[in-house]
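K.L.:
Numbering-wise (the working numbering), the sequence shown opens with residue 45 and increments by one.
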Amino acid sequence: MSEASRKDAEDLFSEAQRFVLDAGLTLFVGPTDSGKSTLAAKWGSLMCRQGLRCAVVDADVGQSDIGPPGTIGMGRLRRPVQSLGEVPAESLYFVGAFSPRERPLECLTGLHSMVKQARRLGAERILVDTTGFIKGTLGRRLKLSKADLLDPDLIVCLERSAECEFLAKAYPHGRPRIIRIPTPPGVRRRSIEQRTANRLRALARHTAGGWVRQVDLQKTSLVGWPILIGPPLSRGQMRDLGKRLGRGVLWGERMEERLVVICDGPLLWRSEEILKGPWGKMETWDLSDFNLRLVGIDDLRGETRWVGILVRLLVPEMKAEVWAPPSAREIGGLRLGEASITPEQFHYLTEWGREYNPTGAPKSS
Ligand SMILES: Nc1ncnc2c1ncn2[C@@H]1O[C@H](COP(=O)(O)OP(=O)(O)OP(=O)(O)O)[C@@H](O)[C@H]1O
Ligand SMILES: [Mg+2]
């Protein structure tokens, strides 16, 4: 960087800092590894030193700093921090995916919900840190939807090239104010492997010392599950369906205009004639589709407090074996995620946990 462009960057940076200190709601946007989270931590800390009540919403579901992966977390800054990872999560919204591509609606809803919660807790300044997913049609649409939904005072764009041009084009009239600054030269880039490893470590820390519990799904509030909504099929009906599908049918229920069926393996063939019938359409699941999925865990008041791993679903008992953190003593609700982990990754999670709790048994309180 030349001396002149460094001076320009410094000027832009101080201008952005002036605006951010005044803005009630600021959105940080930019490609991956552009320094968004570090800058949010720095300016949040500055606000803290100035006595402003500041909260951070961490909308990065893949590389979460506040709260476990797969969630949008919110926490207030009680003291200056080096990194957002030092901010304890006070509220979580379970998205259930490690990339906004998989669950864009939940990302938007979660963002809105966490900003509302920060306001409810009296935050005078709210900083929203987002994922680096900004390229491609969906990435751009998602950032525009976030801006329209939240109506922030300021959007800070950290750019390597002109990744945020579309935002400047979308809001030329001064609200939200758009500030574009170049990525700081020292920013380190992380590979996909490093990101996956970071995520796994974060999950392991969150569930450390955990163990597998059996949760009765008929006594638990369920969000995002395709089952236990409509009336179940009889054994005879399941047997007949199994013959048509060439698979054992373990569970079936009627859900409005369709049937939802869980089979003992993947269907060997799928034809419209088989999946359509007098019952309308049929949605089929392989029992193992549920294995090792990320789940959100609610407490008895319906608040999402933890994430865990659905080890397996037991049908027809309708129970779930869930690897959950030790503090999740009473489980009031389970939210089914989209993301899953591999058996090797699950092994790593449970091994990491043993370092904290060698017997693997519940600790007495
Ligand atoms: N101004 C800076 N000088 C030196 N290093 C920095 C600076 N800003 C960030 N870094 C380092 O660069 C890396 C990436 O920064 P950061 O996590 O803030 O980026 P990000 O845009 O939030 O990334 P992601 O898209 O993964 O969320 C981190 O290791 C951070 O410590
Ligand atoms: Mg970040």
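Note that CB positions come from ideal geometry on N, CA and C, so glycine has one too.
Look at R356 and N335 and say whether their C-beta atoms are less than 8 Å apart.
P.N.:
Going by C-beta atoms, R356 is nearer than 8 Å to N335.
K.L.:
Consider the Cβ of G309: report whether some Cβ of chain D lies at a distance smaller than 8 Å.
P.N.:
Included in the structure is just one protein chain, with no chain D present.
K.L.:
With DSSP run on the structure shown, which of helix, strand or coil describes R291?
P.N.:
Here R291 sits in coil by DSSP.
K.L.:
Is T70 near V172, with beta carbons less than 8 Å apart?
P.N.:
Against a cut-off of 8 Å, the Cβ pair of V172 and T70 comes out as a contact.
K.L.:
Which runs of the beta strand (DSSP E) spanning at least 3 residues fall entirely within the segment 228-313, listed in chain order?
P.N.:
Complete beta strand (DSSP E) runs here, min 3: 255-260, 265-267, 293-299 and 302-307.
K.L.:
Whose C-alpha, out of Y215, L128 and V351, is nearest the C-alpha of D197?
P.N.:
Taking only the C-alpha atoms, the option nearest D197 is Y215.
K.L.:
Tell me whether the segment 120-140 and the segment 198-211 touch, counting them as touching only if at least three CB pairs, one residue from each stretch, are closer than 8 Å.
P.N.:
Short answer: they don't touch.
K.L.:
Give the straight-line distance between the Cα atoms of A246 and S108, rounded to the nearest whole angstrom.
P.N.:
Straight-line Cα distance between these residues: approximately 8 Å.
K.L.:
I'd like to confirm the pairing. Which residues does DSSP put opposite G377 in its beta bridges?
P.N.:
Looking at the DSSP assignment, G377 forms a beta bridge with S265 and D342.
K.L.:
Cutting at 8 Å between CB atoms, please list the residues of its own chain near L289, excluding the five before and the five after it.
P.N.:
Taken in chain order, the residues that qualify are V305, C307, L311, I318 and T328.
K.L.:
Beta carbon of M118, beta carbon of A60: below 8 Å?
P.N.:
No, the Cβ-Cβ distance between M118 and A60 is not below 8 Å.
K.L.:
Can you tell me whether G154 is buried or exposed, with buried defined as 16 or more other CB within 10 angstroms of its CB?
P.N.:
Classification of G154: buried, given that the 10 Å Cβ count is 16 or more.
K.L.:
Smallest Cα separation from F210: which of L194, R185, R233 and G95?
P.N.:
Measuring from the Cα of F210, the nearest candidate turns out to be R185.
K.L.:
How should T386 be labelled, buried or exposed, when 16 other C-beta atoms within 10 angstroms of its C-beta is the threshold for buried?
P.N.:
By the neighbour-count rule (16 or more Cβ atoms within 10 Å), T386 is not buried but exposed.
K.L.:
Give me, in chain order, the residues of the same chain whose beta-carbon lies closer than 6 Å to that of G79; leave out the 5 immediate sequence neighbours on both sides.
P.N.:
L202, T227, P228 and V231.
K.L.:
Quick check: the Cα distance between G88 and L380, rounded to an integer number of angstroms?
P.N.:
The alpha-carbon atoms of G88 and L380 are separated by roughly 33 Å.
K.L.:
Measure the alpha-carbon distance for A99 versus R120 and round it to whole angstroms.
P.N.:
In a straight line, the C-alpha of A99 is about 4 Å away from that of R120.
K.L.:
Let's test the definition: count the other Cβ atoms within 10 Å of the Cβ of R219 and tell me whether it reaches 16, buried, or not, exposed.
P.N.:
Per the 10 Å Cβ criterion, exposed.
K.L.:
The beta strand (DSSP E) with A368 in it runs from where to where?
P.N.:
Per DSSP, A368 belongs to the beta strand (DSSP E) from K363 to A368.
K.L.:
Quick one: grab the DSSP three-state call for G117.
P.N.:
In this structure, G117 counts as strand in the three-state DSSP scheme.
K.L.:
Suppose you measure from the CA of L331 to the CA of V359; what does that come to, to the nearest Å?
P.N.:
Whole-angstrom Cα-Cα distance: 9 Å.
K.L.:
Starting from W87, follow the alpha helix (DSSP H) in both directions and report where the run begins and ends.
P.N.:
Run containing W87: K80 to R93, per the alpha helix (DSSP H) assignment.
K.L.:
Of the residues A372, I353 and H217, which one's Cα is nearest the Cα of V366?
P.N.:
It is I353 whose Cα lies nearest to the Cα of V366.
K.L.:
Hey, is K179 close to ligand 2, as in C-beta under 7 Å from one of its heavy atoms?
P.N.:
No, ligand 2 has no heavy atom inside 7 Å of this Cβ.
K.L.:
Can you have a look at F138 and say buried or exposed, based on whether 16 or more other CB atoms are within 10 angstroms of its CB?
P.N.:
Its Cβ being crowded by 16 or more others within 10 Å, F138 is buried.
K.L.:
Might you give, ordered along the chain, the residues of its own chain that have their beta carbon closer than 6 Å to the beta carbon of S49, omitting 5 neighbours on each side?
P.N.:
So no residue of the chain qualifies.
K.L.:
According to the neighbour-count rule (16 or more other Cβ atoms, all chains shown, within 10 Å of its Cβ), is D55 buried or exposed?
P.N.:
Per the 10 Å Cβ criterion, exposed.
K.L.:
Tell me which residue opens and which closes the beta strand (DSSP E) that P226 is part of.
P.N.:
From DSSP, the beta strand (DSSP E) with P226 extends over R221 to P226.
K.L.:
How about S332: is its Cβ closer than 7 Å to a heavy atom in ligand 1?
P.N.:
No, the Cβ of S332 stays beyond 7 Å of every heavy atom of ligand 1.
K.L.:
Apply the 10 Å Cβ neighbour rule to S409 and answer buried if 16 or more other Cβ atoms are within range, or exposed otherwise.
P.N.:
For S409, the pLDDT reaches just 35, beneath the cut-off of 50, and the residue's location in the model is therefore unreliable, leaving the point undetermined.
K.L.:
Taking the alpha carbon of I222 as the reference point, which residue from G95, W295 and F63 has its own alpha carbon closest?
P.N.:
Ranking G95, W295 and F63 by Cα distance to I222 puts F63 first.
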